[in-house]
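Note that the sequence shown covers residues 1 to 781 in full-length UniProt numbering.
Written below as structure tokens is the structure these notes are about.
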Amino acid sequence: MAHIGNSTCHADPCIQHSASESTSCILQRLLKMQQVPKTAYLLLLLLWTVAGCDAALSILFNTKNGTVYHVPVNLENRLETPIAVSNTTIPTTHCQDDGSLGQANIVDLDYDESRQRVLWMSWNERLYSSQLPISNATDGNRSDELLFWYDYYDYVQFSRRRIAWDPVGEKLYSVDTFWNPTVEVVDLTGKHRSIILAFGTTGKWKDYVFEGKMPADVEKDAFVAMTAKQELPMDLVLDPGTGVMFIRTNDSWSSRIHRANMDGTSLKLLITDAGKIVDDSCRIDVDRVNKRIYWNDREKGSIESADYDGNRRLTVVKAANPVALAVDGNVLVWSQNTTESIVSDYSRFADPSLRGHLSVCKLTDNTCEPDEIRDTSLSGIDDVPYKLKAVPDQAQQIANPCSTNNGNCQQICLLKPSTDPIKPNPSHGCGCKIGYRLSANSRDCEPILRYLVYESDNYLRARSLEPLERDNETRPYALFPSQVVDNVVARDQLVAIDYDPKADKMLVLGCKTLKQIDLDDNLRGCWRVARNSSDCYKHMAYDWESGKVYTTKVKGMNGEYELGVVDVPSSFRRFGIVVPAILRSIDRPLSLVVHPKTGYLYLLTFSNATNASVVSRMNVGGLDYIVLTIAEALDARGLAVDSLNDRLYWFAESGRVGHSDLGGNDVKVLPVEAPVLRPDSILVDRDWLYVKNETSIWRMNKKTGADVSCLVPEVKVSQHYHAKLKSTMSVVARSPGSFSYGDDYQITKSACKVYCAYQEFAQYNATLDEKFCKCPNSKSD
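Quick look at the structure:
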């Protein structure tokens, strides 16, 4: 194989295609003949250098039948027979007794040039490697190697993970295009997994959320318009020789292109209008020689390009529905969905039988002339290749700055651009595993033992408390794996977060659903808690000693409210239903908290009759209801409990903060007001009082109000919109040896070959799937 138009060729590149010997191949044969006169030899050498060697360029691709193929392409219209590379079957439909139905739905792939193997991700987040075959004759003797599998929480949901392999630092980069705004990196041992980059929201289509309507009554398009526009990474590509990566993101069905260092630093927006997303066909590739980015735009029917700074942008070629693309030197290869052509000039693609083909073009000044386009028809392929990867002629010779002593990094060594103009090889930076963060020396890692969990635009976020994040922190959200840092909206509005330190679980309540997240095993359960479409839950208090969850609920549109209680299910379920038992009808609820040691439940309501706030207290299960007479809390808007010193805190809309003992006596008022305007939630943890409103979170000393600091600053994402913090907060406290991503963590290396549900699911949902697949011992092959 060789780069078309370059002088780099195999010893005899004409062997593969001797039946249709090209001009350059003939020239190369003549050059080997000693009888050729010197002048003729030099002339032929010049002609051959100009013509280049047009031996076959090798392309990897996959289709929706779940197989990776390998095929040569060149600058001639040809019929080629792809060779199957992957050889693993994974059912994607209902389970069968023999586990043989269906094939692996491969969501993405990349090429490991140093080992000449393909890395590919299956629909259920298993990472496999397949050795590149030489011919179909070896196909039956190959087997795929399962490298590891991500601890995926829901066997029903298909993965949308996109991957990119760093052959120099030997790390796998990935983005999860399904509601996860982060970039992850992991080595192939599975022991060093880190989130190095997080994207935020970019505004909102409308400045209201659920005003006058409940989520179930809102049409999907209107619901999306109400929610924040979260920028989600859709695809990524690496240039290890430069130490940079490019991420293409989805910004409400349009797309943008960012550049960042491969250690996650120096994120920069390059292209703001990279085309509308159509059917997830959002691809990007780079020309590492000429330092240019290429991407497809299915809406325009074109492939575009720009340099590494986002400048010198141009349209490379007009192409009907370009689905995937790959660049190798001065050659561009792309696939098209010809049954959905939107560019009428390409009538030659109207035949559906041509869907299994690749278009190839030799680029001149980074553009493709129409008369240079050639077609490679793929024999036996009747579907559109939806990921392409060029196989380079030879591995890049790049010095690895992490090869000696791991670059002096305690955990993870990652590439980044060199600051030395004389040295072309990349430099490096250090990173840390999930649950850790870089120390002040930027080399060592320290565990994050305590962090504040909150919601921003309906996404779970976290802020390190021990150690407290520094002002120059570049990755403030890099705490959770992708299955936890996820959009919990599901047509729902997140309202409350709580934490069980005994079981190391988080509870997340939405208007309609209750989710339980196990931070160790990364399992989750989801229950529907609202019986009627017009009901919506407002508050949650988790008594982890008794295992009870207390809730407040608004009943429809009639302004009636209820206090309820439900036991937290012991097993994780999907799509289960739990309905809190009604304890009593209440006035409009403002806050709900529980004191874990005594089981006291405190409820703050607003009485229309007295036009004042009322603080009430109950025992476990909502028994022994009494009203506490606290004159200083008549204008209270929120409650919190101090379990360390057994105190009850409240705040007024004006910002004034007071506290009393658990019986409402010994009242004290802080000498300072809360540092935010219109606070809507407070939390007490150890010596600190945390106060938030809709845009920021602050903390101060709980006894004096001193030592005020801003933990989550206001984020302005557009001229008219700030990121909204709607739900309550919770503090998660862990010990160094208690979390899954500690020293002994390793991504699971064995998995079922049929799709697998956790054993806890087996007793549920029998009517939904009677043949319920599961791993009998969680380690089955």
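Heads up, the beta-carbon is just placed ideally off N, CA and C, and yes, glycines get one too.
Between L683 and A631, the alpha-carbon positions lie close to 21 Å from each other. The C-alpha of Y294 is placed about 13 Å away from the C-alpha of H258. As for any beta strand (DSSP E) of minimum length 3 sitting wholly inside the UniProt repeat "LDL-receptor class B" (291–331), the runs are 292–297, 302–307, 314–318 and 322–328, ordered along the chain. In the three-state DSSP reduction, D444 falls in the coil class, being neither helix nor strand.
Straight-line spacing of the CA atoms in P671 and W650 works out to 14 Å.
Under a 10 Å Cβ-count criterion, I422 is classified as exposed, with fewer than 16 other Cβ atoms of the shown protein chains found around its own Cβ. In chain order, L270 and I271 place their CB closer than 6 Å to the CB of G310, counting only its own chain and leaving out the 5 sequence neighbours on each side. Put simply, the backbone Cα of S418 is about 36 Å away from that of K318. V732 is the residue among I412, K416, V732 and D371 whose C-alpha sits nearest the C-alpha of R450.
Linking S194 to G663 through their CA atoms gives a straight-line distance of about 46 Å. When only Cα atoms are considered, I697 and V676 end up about 8 Å apart. About 13 Å separates the Cβ atoms of L109 and W123, ruling out a contact at the 8 Å cut-off. Pairing S86 with S130 gives a Cβ-Cβ distance under 8 Å.
In the displayed model, D371 falls within a helix according to three-state DSSP. Non-local beta-carbon contacts of D707 in its own chain, meaning distances under 7 Å to residues more than five positions away in sequence, involve M700 and N701 in chain order. The beta carbon of C282 lies closer than 7 Å to those of M234, D235, R248, N250 and S255 in the same chain, with the five residues before and after it left out.
For I626, the number of other beta carbons within 10 angstroms of its own is below 16, and it is reported as exposed.
Around V593, the same chain offers A541, Y602, L639, A640 and V641 as residues with beta carbons nearer than 7 Å, after the five sequence neighbours per side are excluded. Between the stretch 396–408 and the stretch 375–388 there are fewer than three inter-stretch CB-CB distances shorter than 8 Å, so the stretches are not counted as touching. Contact between L232 and M262 fails: their C-beta atoms lie close to 20 Å from each other, not under 8 Å. CA-CA distance, I277 to Y308, rounds to 22 Å.
According to the DSSP secondary-structure assignment, H595 is paired through a beta bridge with no residue. Note that the C-beta distance between V565 and V549 is below 8 Å. The secondary-structure analysis by DSSP pairs C361 across a beta bridge with L332 and I373. Residue nearest to S654 within the set D661, L604, L644 and A636 is A636 (criterion: CA-CA distance). Within the stretch 629–713, the beta strand (DSSP E) runs of at least 3 residues that lie entirely inside it are, in chain order, 636–642, 647–652, 656–661, 668–673, 681–685, 688–692, 697–701 and 709–712. For Q131, the enclosing beta strand (DSSP E) covers residues R126 to Q131. Between the alpha carbons of I517 and L75 lies a gap of roughly 54 Å. N406 carries a helical assignment under DSSP once its states are collapsed to helix, strand and coil.
Counting only residues of its own chain and dropping the five nearest sequence neighbours on each side, P82 has a CB closer than 8 Å to the CB of F61, Y69, H70, V71, L378, S379, G380 and I381. Taking C-beta atoms as the reference points, E714 and T728 fail to come closer than 8 Å.
Counted as a single uninterrupted DSSP element, the stretch harbouring W123 is not any beta strand (DSSP E), since DSSP gives it neither H nor E. Your pair V333 and V360 checks out as a contact, with CB atoms roughly 5 Å apart and the cut at 8 Å. In this structure, D587 and G556 do not form a Cβ contact; the two beta carbons are roughly 17 Å apart against a cut-off of 8 Å. For D498, the enclosing beta strand (DSSP E) stretches over residues L494 to D500.
Of the residues P240, V554 and G435, the one whose Cα lies closest to the Cα of C445 is G435.
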